Amino acid sequence: MSEEPLFDPSLKKRKKKAVAFTEDPLGADADPTAPAPETIDNTTTTGETVDLGPTTAHEQMKSNGEEGEDDDFKAMFGDLKKKKKKKEIPMDLANSGTSTPKDAVSAPAITEDLDFSDIKKKKKKSKKAALDMEAFEKELSESKSKSAGDDDEDVEVEHNPNLDIDDADLENDPFAQPDAPPVGVDMGNEPWLTSDRDYAYPELLTRFYALLHAANPALLSSSSQKRYTIAPPSIHREGNKRSVFANVTDICKKMHRQPEHVIQFLFSEMGTTGSVDGAGRLVIKGRFQQKQVENVLRRYIVEYVACKTCKSMDTLLTKENRIFFMSCESCGSRRSVNAIKSGFQAQVGKRSKNRPA
Amino acid sequence: MSVQNLNAVDPFAEEEILATNDVGSQSEYIHIRIQQRNGRKTLTTLQGLPKQYDPKKLLKAFKKEFACNGTLVDDEKMGQVIQLQGDQRVKISTFLTDNGIEKATIKVHGF
Numbered sequence: 010m011s012e013e014p015l016f017d018p019s020l021k022k023r024k025k026k027a028v029a030f031t032e033d034p035l036g037a038d039a040d041p042t043a044p045a046p047e048t049i050d051n052t053t054t055t056g057e058t059v060d061l062g063p064t065t066a067h068e069q070m071k072s073n074g075e076e077g078e079d080d081d082f083k084a085m086f087g088d089l090k091k092k093k094k095k096k097e098i099p100m101d102l103a104n105s106g107t108s109t110p111k112d113a114v115s116a117p118a119i120t121e122d123l124d125f126s127d128i129k130k131k132k133k134k135s136k137k138a139a140l141d142m143e144a145f146e147k148e149l150s151e152s153k154s155k156s157a158g159d160d161d162e163d164v165e166v167e168h169n170p171n172l173d174i175d176d177a178d179l180e181n182d183p184f185a186q187p188d189a190p191p192v193g194v195d196m197g198n199e200p201w202l203t204s205d206r207d208y209a210y211p212e213l214l215t216r217f218y219a220l221l222h223a224a225n226p227a228l229l230s231s232s233s234q235k236r237y238t239i240a241p242p243s244i245h246r247e248g249n250k251r252s253v254f255a256n257v258t259d260i261c262k263k264m265h266r267q268p269e270h271v272i273q274f275l276f277s278e279m280g281t282t283g284s285v286d287g288a289g290r291l292v293i294k295g296r297f298q299q300k301q302v303e304n305v306l307r308r309y310i311v312e313y314v315a316c317k318t319c320k321s322m323d324t325l326l327t328k329e330n331r332i333f334f335m336s337c338e339s340c341g342s343r344r345s346v347n348a349i350k351s352g353f354q355a356q357v358g359k360r361s362k363n364r365p366a
Numbered sequence: 043m044s045v046q047n048l049n050a051v052d053p054f055a056e057e058e059i060l061a062t063n064d065v066g067s068q069s070e071y072i073h074i075r076i077q078q079r080n081g082r083k084t085l086t087t088l089q090g091l092p093k094q095y096d097p098k099k100l101l102k103a104f105k106k107e108f109a110c111n112g113t114l115v116d117d118e119k120m121g122q123v124i125q126l127q128g129d130q131r132v133k134i135s136t137f138l139t140d141n142g143i144e145k146a147t148i149k150v151h152g153f
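Chains as they are written, first to last, in the working numbering: chain A, 10 to 366; chain B, 43 to 153.
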């Protein structure tokens with residue numbers, strides 16, 4: 010028992026999931042790279058092999074779009090985790106292993122999410138690369154060396170290590186800058202200009218998105234960059250049957266919610282009780298793991314923090330006449346939210362303890 | 043001049059019905075919860091079963107299907123609650139959806 014002390018009702022699930030988990034990254038890896046080789050040579054002039062993802066921002070957006078809103082919530086801890094990878098177990102792993110059963114619907118989403126960061130990584134890289142590539146094709150066909158092409162390559166090399174180390178989730182707006190010059194280059198020398206053929210639809214689409222994003226980088230950053238992140242809950246064990254949720258106040262502050270409200274929700278969802286100790290930590294009765302608490306927190310955010318209309322997290326919760334209202338700071342919508350109700354609590358433990366003496 | 047009380051539709055009565063409907067829509071959910079016991083043991087509770095289902099028969103089916111024991115608890119506030127041993131949340135929700143209960147009405151709680 011002490012070897013595996015943490016309580017985990019979804020232990021059985023883990024085995025099953027683990028398989029899916031190993032499969033998925035392959036799929037994800039294959040996915041972004043598959044389309045690329047068809048059209049683009051993935052070697053540079055110097056002969057180095059470059060890993061090319063999907064070619065454009067719109068592909069990135071497409072794949073982003075596939076993952077739902079739910080995913081955003083899922084991912085919000087995941088991203089963070091990624092950054093802390095060195096110190097902690099990556100939560101992505103934990104996630105896929107343990108997504109509790111009731112998340113059956115979202116379970117695939119979780120695994121997706123976990124690829125997601127990968128995909129994103131690739132995409133970021135590829136966007137620059139793609140533009141680079143076009144310049145490149147041209148270069149090959151005309152065998153005329155362009156300084157712009159070289160420039161691009163420099164940029165790419167410069168960015169690659171950065172992306173590998175980092176999750177590319179940081180406030181990097183690196184691609185606003187590399188985007189601009191290649192577009193300028195592309196303007197004159199689209200591939201179809203040099204040949205007799207007509208332009209193909211995908212090419213035009215690519216061009217459109219390249220121009221669009223060059224013109225307003227804000228679009229890009231809003232689509233993929235801005236992510237709502239919270240520090241993952243830090244759960245420790247205190248004794249044998251109590252868990253301590255240390256950073257509950259921090260998380261509440263981040264979500265702009267009263268700790269009481271959050272705690273009430275946690276208790277009613279997890280069917281347990283607890284108290285706040287002197288240092289502002291929450292002591293929960295029962296054994297809980299970080300990912301379990303995280304799941305509950307995610308549901309809290311979906312229910313009480315995220316604006317249903319614009320999906321913004323910038324909301325306020327106010328109480329009027331015993332009813333909670335959530336008003337969104339960014340879109341101004343206002344709606345009532347369900348009161349937290351704890352349901353039936355079964356009798357656990359010794360009955361003699363509960364009997365009034 | 044018309045007398046309010048003699049109107050065909052009593053405005054107050056309507057409001058009452060509306061109010062009860064509102065409450066009903068909220069509590070129409072079937073709640074599936076989990077509770078920790080000692081060690082790694084758990085308890086699953088199913089609350090808010092619609093009236094047309096017989097909890098006794100459902101319990102029997104659950105017990106047979108999930109190979110677990112369970113009981114029917116009478117709660118003053120919540121009515122009859124099905125209690126099962128172990129974490130049967132997913133199984134319950136799939137069982138119910140397979141047998142024609144809408145997924146939207148089922149709420150699974152817990153971690």
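Ideal Cβ placement from N, Cα and C applies to all residues, glycine included. All values derive from a computational prediction rather than experimental measurement.
1. Buried or exposed: which applies to residue 146 of chain B, given that a residue is buried once 16 or more other Cβ atoms fall within 10 Å of its Cβ?
2. Let me check understanding here. Comparing Cα to Cα, which of A/213, A/294, A/335 and A/360 lies closest to residue 344 of chain A?
3. Tell me whether residue 259 of chain A sits in a helix, a strand or coil according to DSSP, three-state version.
4. What is the DSSP secondary structure of residue 344 of chain A, counted as helix, strand or coil?
5. Whose C-alpha, out of A/339, A/248 and A/261, is nearest the C-alpha of residue 306 of chain A?
6. Report yes if the C-beta of residue 271 of chain A is less than 6 Å from at least one heavy atom of the ligand GDP; otherwise report no.
7. If the cut is a Cβ gap below 7 Å, which residues of chain B does residue 278 of chain A touch?
8. Is the beta carbon of residue 89 of chain B less than 7 Å from the beta carbon of residue 123 of chain B?
9. Identify the residues that DSSP records as bridge partners of residue 86 of chain B: which are they?
10. Alpha carbon to alpha carbon, how far is residue 118 of chain B from residue 316 of chain A? Give it in angstroms, no decimals.
11. Any C-beta of chain A sitting closer than 7 Å to the C-beta of residue 126 of chain B?
12. If the criterion is Cβ atoms closer than 7 Å, does the pair residue 258 of chain A and residue 268 of chain A meet it?
13. Rounded to the nearest angstrom, how far is the Cβ of residue 314 of chain A from that of residue 327 of chain A, given a contact under 8 Å?
14. List, in order along the chain, the chain A residues whose C-beta lies closer than 8 Å to that of residue 147 of chain B?
15. Among the residues of its own chain, which have a CB less than 8 Å from the CB of residue 332 of chain A, if the five just before and after it don't count?
16. Compare the Cα-Cα distances from residue 91 of chain B to each of B/83, B/100 and B/81 and report the closest residue.
17. Which partner residues of residue 300 of chain A appear in the DSSP bridge assignment?
18. Given that a residue counts as buried once 16 or more other Cβ atoms are within 10 Å of its Cβ, and exposed if not, what is residue 265 of chain A?
19. In chain order, what residues of the same chain have a beta carbon less than 6 Å from the beta carbon of residue 140 of chain B, not counting five sequence neighbours either side?
20. Nearest to residue 288 of chain A by CA position, among A/256, A/272 and A/303, is which residue?
21. Determine, using beta carbons only, whether residue 125 of chain B and residue 240 of chain A come nearer to each other than 7 Å.
22. What's the call for residue 222 of chain A, buried or exposed, on a 16-neighbour Cβ count within 10 Å?
23. Check the Cβ of residue 419 of chain A against every Cβ in chain B and list those closer than 7 Å, keeping chain order.
24. Give the range of the beta strand (DSSP E) segment to which residue 117 of chain B is assigned.
Working from what's here:
1. exposed
2. A/335
3. helix
4. strand
5. A/261
6. Although the ligand GDP was asked about, the structure shown includes no ligands whatsoever.
7. 151 and 152
8. yes
9. B/76 and B/126
10. 36 Å
11. no
12. yes
13. No, residue 314 of chain A and residue 327 of chain A are not in contact; Cβ-Cβ is about 14 Å, not under 8 Å.
14. Here the premise fails: no neighbours, minimum Cβ distance about 14 Å.
15. 345 and 348
16. B/100
17. Residue 300 of chain A is not bridged to any residue.
18. exposed
19. none
20. A/256
21. no
22. buried
23. Since the displayed chain A opens at 10 and closes at 366, residue 419 of chain A lies outside it and no answer follows.
24. 112 to 117
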